[in-house]
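Trainee:
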Amino acid sequence: MVHRRLLHDDSFGVEEPLDETAFQRGLVVRGSHYLILSDGPSSARRYRPLAQQLYKQPHLSFVPTALHFAEWKSLYRTQQQLISRALPENVNLLTLEKRPDGLYLIRLEHIYDVEEDKVLSAPVTVSLHNLFPGFVIMSAEETILGGNQFRKDSQRLIWNSTDRQHNNSKRLTKFPDIELQPMEIRTFIFNLVRDNRLVK
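All residue numbers for the sequence shown refer to our numbering, where the first residue is 988 and numbers rise by one.
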């Protein structure tokens, strides 16, 4: 159920009617549902990429102007390529954000879970060498997920566990290669400097 509109409490916990309105009309929620039918060994190969495509759909925006397109194109940059090549099929560039201090916050995620796919659930190594066109990586430091503390300085709780995969809180990266385990997100702060030799 996407949305409930009720005139009386339905006894499901909120203890009040769910008669939500806007502009003197009841709220209407519209959405799309996708049903994937797969007889193969891995339906994840269908729904994981689809989820990424739906989440990253282009957002159209417009601005009033008296310029013709040729004039606009000559005055402004109309295209931007952020990375120089495609990432592995099971890796997503989750965040590429310039911080106020001029450094860049970058998050990479492995989008498949353990044993979700025979091939794509395996750990993957991503090379950052020449990944960002027109920039050189001067330095990189791994942080915790929020990007507010360096990973080497974090004091994580140690749990008694037989699962060795999760006992890697101090695992550091040998740049420019980053290893990602299934469903792992790793966060880095990069110092990217524009390489004028590479800028056209």
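Every residue, glycine too, gets a C-beta built ideally from N, C-alpha and C.
1) With DSSP as the reference, please indicate the residues paired to Glu1166 in a beta bridge.
2) Excluding the five sequence neighbours on either side, which residues of its own chain have a C-beta within less than 8 Å of the C-beta of Ser1030, listed in chain order?
3) Assuming Ala1127 is part of the alpha helix (DSSP H), what are its boundary residues?
4) Please determine if the stretch 1068-1080 and the stretch 1097-1112 are in contact, where contact requires at least 3 C-beta pairs separated by less than 8 Å.
5) Under three-state DSSP, which class holds Glu1058?
6) Would you be able to state if there are at least three C-beta pairs under 8 Å between the stretch 1055-1073 and the stretch 1132-1147?
7) Arg992: which of Ser998, Leu1005, Phe999 sits nearest, CA to CA?
8) Within the same chain, show all residues whose beta-carbon is closer than 6 Å to that of Arg1134, passing over the 5 residues directly before and after it, in chain order.
Mentor: So, to answer that:
1) The residue given as residue 1166 occupies position 179 in the sequence shown. According to DSSP, which records beta bridges pairwise, Glu1166 is partnered with Thr1112.
2) For the purposes of this step, residue 1030 is taken as residue 43 along the sequence shown, with counting starting at 1. Cβ neighbours of Ser1030 beyond the five flanking positions: Ile1023.
3) The residue you call residue 1127 lines up with position 140 of the sequence shown. Careful: Ala1127 lies outside any alpha helix (DSSP H), inside the beta strand (DSSP E) at 1122-1130.
4) yes
5) Counted from its first residue, the sequence shown places residue 1058 at position 71. Residue state, collapsed to three classes: helix.
6) Touching, no, given that fewer than three Cβ pairs across the two stretches are closer than 8 Å.
7) Numbered from its first residue, the sequence shown carries residue 992 at position 5. For Arg992, the nearest C-alpha among the options comes from Leu1005.
8) On the sequence shown, residue 1134 is found 147 positions in, with the first residue counted as 1. Per the sequence shown, the amino acid found at residue 1134 is Gly instead of Arg. Answer for Gly1134: Leu1092, Thr1174, listed in chain order.
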